[in-house]
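In the working numbering, the protein residues as written are 1 to 1273.
C-beta: ideal position from N, C-alpha, C; glycine also.
What you are looking at is a predicted structure, and each value in this text was computed from that prediction instead of being measured.
Let me begin by presenting the structure, written as C-alpha cells, before commenting on it.
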C-alpha cells in the first residue's frame, strides 16, 4: 500500500516518503511531533478498535500512504448503487435518447442533457424508464416559451403537432400556458420563467405525478395513472422552436434534493463512495488549514484557517501532497466539484466582508496548481466555473439578492487568482456573460417585491389621446404620498441591485487587467481575442438563433462593459494627462481599414471590403501610407469566399447530425450544461478570416487581416515605432495620444453589440410600461363608469367592481415589475451609458468623415447605432428620465442632425438599407420641434446642401421618404393643413400617439426659405424636380384608382368574399402618397409661384398645363357623387380609414387658391386660361368643391334651345390625321428633328423632360420645330 501511494505521488517527481535512511530529515519536526500531527490530521476511525493505539504511535510519512488508503477503503462498503434499487431500467448514466427516442428536429448538447427545439413541436425522451417506486428529475428552464414537460411510455407516438401530454399514456406540465396535459387540459400550477427549475416527481406506488417549481410543490397533477406489467415511464419533453432546457437526472446534485420530497430518488444515483471520500479528504484538508506546528514548544496549535498561507513548511506540504494524491482525481467529476468543492469555497465567504478579506481562496488555488496536474486543475476549474454559472443563473430572486451576491463573490475571488483567471479566459470566458445578467422576476410576490415596495403607484391623469398628464395637472395629497412611497421603495430596490452590478463590474475589471504579465500574456489580451470571437459568432449567425447570445444577457453585459471600459480609460487619463478622456472617446478611422481589427462579413458604408480595397487602394497609399497586399485582395474575392464556404461545409463533422434529425446543438449559452457542440462552427468561422494564400513580404505598410486567435499584445498596443491598432493614421486625423489602445477595440465591440441585439431588446422591455399605461387607463375608465352607474342597477355595479379589482391587482403586480425593470434597464445610469455610446458614435463618424473617400471603410453599424441609440433615449428611457437633462444634450442633438443631413444622400454610402435608415431617421427628426430646431442650428451651408439633396429628381432614388420630409416642413402652413389627425378620425383613439406622423405640426420657415431660394435660382433643378413630382403623382393616383376599382368589384360580388388586407394597405399608401405629393406642389407654388406662372421660364407653361391636367383628373374622380371613390369611402373598410374626401380636396383647393386667388393679375389670367382649356375640366367639380348644387341637376332649370339664344357657331370638324397621335386632344403643332415625326407641343415637351428618344422610331431627337399644316389646294 505504501509503495502504491508513493508511485501515485511521483507525478511531479515528489519524493514524499522515500528517505528511509534518514527518518529524522522530515523537516524540522521531530518524530513524535510529526506523529501527533499526522494522527491529528488523519485520525483513525473507531472501526479499527483498541489495536490502533499502538499503530498511532508510529505514524510517519513512510506509512502515511497505507494509512490513508485504509481510511478511504472503509468508505467503499457504503456504496449504494441504483442496481440494488428495484423499479428503474436503463443505463446507469441517464441522458437524452438521441438515437431513437425523439420526434422532430432538435439541437442537443455534447453531454446529451441540454436541448433546443428546432421545429414546430419537437419531442425527446430519456434513456431510462421507471416502473416502481418514487422518482424525480429536474429541468432547468432556459426560456419561458411553449414546452410540455413530464413523463411518457414507450408506446407514445408524437408528431409535429402532438407531444408529451397529448397521448393517453403521457402526462405533462406547461408553465407557459399554466396548464397540465393528458389528452385533455386543465389549469394547473404557476407560470414559469427563464431561470426556473421544474421538478418532475412520479410515485408509481400511489399512481400520482406531481410537479414543483423552484422547490415549491404545485400539488398533485395526475392521480390513478396507468401502472402494472409492461408499463414504464420515461422522462420526456416537447418544446417549440427556439425553446431550450437542460435536464438533471442526477449527474449533478439536485437543486431541490429528493429528500425534500419524501424520499424521491433521482434517476441517476449519486456517486456515494466518491462523495464520502471527497468529504473525508476535505475534512483532512480543513484540519491542515486550521492546525499549525509550534516547533519551539513542540506542540500543535489551533489557528484560524482563514489566514492560512503557503509558507514552504515541508511537513505541511508533504501532508497536503498525500491528501491531493487522492483528492485531485475526484475534483475532475462534476458532481463532486459542485457538491463538495463549491460548497466549501462558498462557506469560506459566508463571514461577509469584502473578497479581499478572504485570502484563503487564493492560497487554495495556489495549492491546486502546485499539487495537481495541469489537466486536473483545468478540468476542476472548468467544472467549478460551470457549477457557479448554473447556480447563479437558476437561483431564485429574493429581496436582498443574497444568492446572486454569494455566487458572484466566489466568482470574483476565483478570478482574482492570476493563473486561474487566465486559464478560465482561455477556456471560454464568454460563457460568463451569464454572470452579468440580472434576471427579471416574473412572479413579484415570490421575489419579495411586495415587501420591498409595499405601496404601488401608477399615472391616473390622462389627456384625450391617453397620454400621461402628471406634469400639467396638480396631484392630490393622497396621490403625492403614494407616489413618494413608491419612489422610496424603488430606490431601496435600486440600491440592492447596485450591489450586484458592482460585483459584476469587478469581475469584468479583473478580466480586463493588462498588468498581470508575470505568467504570460496579460488577461486583457486573452479576453480581447475571445471577445472578438464572441462578436463574430453573434454577427455571423443572425439566421440561426440557437447560437446567439440571448439579447437580455447582452443588455446587462454591455452596461457592465461600458462601466469597466470607462473606469480603465479614466485611470489612464489620470496617469497621462495629455491623453483623451473617456468623455471624449471615439474610435479612430484607421481601425476600419488597417486590418488590425476584423469586422468579419459586416457591411461597410462603401460596400464589400474586397471591393473597397481594389477601388480605394490609391487613396489608402496617399492618405494613410498603406499599401494593400495584392494577395490579400485576391484572397478576399467572392470566388474564394465561396470556395472556402464549400470546403468548410465539406469538412464539418458528420457526427453533428443524429439519425432522424436530432442535431448536436450549436449553442454556447442557451443550455447551462458544459457540453458544447458548436466547435466545428466556430472553427469554420475563424478559418474564413485566416490568410488563404502566402502573403508577400511587406514593402511599406501592408494590410492583412489577422486571425482572431493569433494577435498578440504588440499587434494591439504597438511598440518601438509600431502604432499597433492605430497603424495608418490619415493626415486629417489629429495625433491624440491614447494610453491603452486595446480599449479602442473593446469600445468598437461595444458599439457592435448594441447594434446586434441590445437596441431591439430595449424596445421589447418597454411593453411593461405600456401595459401599466393601458391598465391605468382601463381602471380610470372603470372608476368613472362606477361613478355614473345608477344605484338601481346593482348587477352592472357588481360587474364593474369585479373589473376594478382585477385591474387594480394587475396594476399592483405590473408596477412592482416595472420598478425592477426601471432599476435594471431604464435607470438614469443606464441612460447615461446609452447617451455616452451615442456621443462615441457621433465623434467616430465625424472623424471618419474627415478622411474623405476612406469614410467608405466605416462599418454600417456605427451609423445604425447613432440613430438607434438616439431613438432609444427618446422613446424608451423618457418616461422615467428626462432626456433634456443629459449633459450637452442640445449640442449632441445638433451634431446628430448634421450627420443625418449630410449623409442621407452621401454618394460614399452605397447600401440601400443604411440609406433608407438615414432617410427615415431624418424624416422622424423633422417631426418633433426640438429636433427640428437642431436641424435649423446646423451651418447654413449644410442646410442648403440638405435641401438641394431633398429637391433632387425623384426618379433617381427612393422618393417617398424625401417627399414625407418636405411635407413635414410644410405641415401647418398649407390650406386646411394644421390638423394633427384627420378630422373624420378624431373620435377614434390612435394605436400609438407617439408615432412621428401623429405629432403636432411644426413647420420650418427657415428651411422653406432655403427651398424657395434654390428653386428660384436653379431653373433646371426646379423643372426636373417638379417634373418628377408630377410624374409620381400621376403614377400614385392612377394606382390608387385602379386598386379601388378592384376593391369595389370584390365588394359588389353576390357571393361572400374577402378583400386582401395587404391590398387595402397598399391602396391606402397610394392615397397617402397622392395627398403628400399634392401638398409638396402646394408648398412649391406658394413659395415660388413664378415656376408655374412666369412664362419667361422655358418650362413654366408646360408645368402649369400638366398641373392643371392632374388637378382636373383628381377633381373628376373625387368630386362626382355616388361614383367609385364615393362608394369605396362609404364602405369604411378597415385599413382604408385615411381614405376620405377631406385630405385630398383641401390639398387641391390649396393649389387652386394660390394660382387663382392669391396670385397677381397676370398669373390668375394664365392659370385660369390653362385650367379652363384643359379637356378634362368640368365645372361641376368646382361647384362640388365650393358646396354649390349642380345647375343642371333638374329638368326645370334646363332652358329650351333656340336659334336666337344660341351662341354656338359651327366649325369644320378636325380630321383625325391632324390630331396629335399621342394625346388625341390637340392638333399637331411640332415636328421632330431629324426623324420628322409629329405631335403636339405639349406632348413632346413633356416627353423631352424625361427622355430624348423619339416616341415612334426611338431615334435621338436633336431639335423640335413648329409645324403648321400646309393649306389645302
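- Contact between the region 1114-1133 and the region 940-948 is not established, with fewer than three Cβ pairs separated by less than 8 Å.
- Annotation: residue 868 is outside any beta strand (DSSP E); the continuous alpha helix (DSSP H) that includes it extends over 861-875.
- Counting only runs of 4 or more residues that sit fully inside the region 305-373, the alpha helix (DSSP H) segments are 314-330, 342-348 and 360-371, in chain order.
- Residue 382 sits close to residue 427, with the two beta carbons spaced by under 7 Å.
- Contact between the region 167-179 and the region 132-148 is established, with three or more Cβ pairs separated by less than 8 Å.
- Setting aside the 5 residues that flank it on each side, residue 332 is surrounded in the same chain by 376, 379, 380 and 383, each with a C-beta closer than 8 Å to its C-beta; the list follows chain order.
- The C-alpha of residue 405 is placed about 38 Å away from the C-alpha of residue 68.
- Residue 1142 sits exposed, since fewer than 16 C-beta atoms from the chains shown fall within 10 Å of its C-beta.
- Shown here, residue 1135 sits in coil according to DSSP, grouped into three states, outside any helix or strand.
- For the 7 Å CB-CB criterion, residue 178 and residue 126 do not form a contact.
- For residue 212, the enclosing beta strand (DSSP E) begins and ends at 208-213.
- Per DSSP, the beta bridge partners of residue 115 are 108 and 245.
- Check the Cα spacing between residue 325 and each of 354, 309 and 277: the tightest is with 277.
- One thing to note: residue 197 has its Cβ no nearer than 7 Å to the Cβ of residue 252.
- Rounded to whole angstroms, the gap between the alpha carbons of residue 275 and residue 574 is 52 Å.
- With the rule of 3 Cβ pairs closer than 8 Å, the region 477-484 does not count as touching the region 794-811.
- Around residue 301, the same chain offers 292 and 294 as residues with beta carbons nearer than 6 Å, after the five sequence neighbours per side are excluded.
- As computed with DSSP, residue 1220 is found in no beta bridge at all.
- In this structure, DSSP gives residue 1086 a helical state, which the three-state scheme calls helix.
- About 18 Å separates the beta carbons of residue 947 and residue 896, which is beyond the 8 Å limit, so they are not a contact pair.
- By the CB criterion at 7 Å, residue 869 and residue 918 fall outside the cutoff.
- Of 842, 873 and 561, the smallest CA-CA separation from residue 903 is found for 842.
- With 16 or more other CB atoms across the displayed protein chains lying within 10 angstroms of its CB, residue 847 is buried.
- In the displayed model, residue 292 falls within a strand according to three-state DSSP.
- In this chain, the beta strand (DSSP E) harbouring residue 1232 covers 1230-1233.
- If the five residues before and after residue 886 are omitted, its C-beta is found closer than 6 Å to the C-beta atoms of 835, all from its own chain and listed in chain order.
- Around residue 851, the same chain offers 589, 730 and 732 as residues with beta carbons nearer than 6 Å, after the five sequence neighbours per side are excluded.
- For the pair of segments examined, the region 211-220 was found not to touch the region 102-118: the number of CB pairs separated by less than 8 Å stays below three.
- By the CB criterion at 7 Å, residue 876 and residue 766 fall inside the cutoff.
- Contact between the region 280-290 and the region 303-310 is present: three or more C-beta pairs spanning the two stretches fall below 8 Å.
- C-alpha of residue 445 to C-alpha of residue 1052: approximately 57 Å in a straight line.
- By the Cβ neighbour-count rule, residue 442 is buried, with 16 or more other Cβ atoms within 10 Å of its own.
- Inter-residue distance for residue 152 and residue 123 is about 11 Å (C-alpha atoms, whole angstroms).
- Beyond the five residues adjoining it in sequence on each side, residue 1032 comes within less than 7 Å, by CB distance, of 954, 959 and 1077 in the same chain, given in chain order.
- Note that the C-beta distance between residue 201 and residue 210 is below 7 Å.
- One Cα belongs to residue 330, the other to residue 283, and the distance between them is close to 14 Å.
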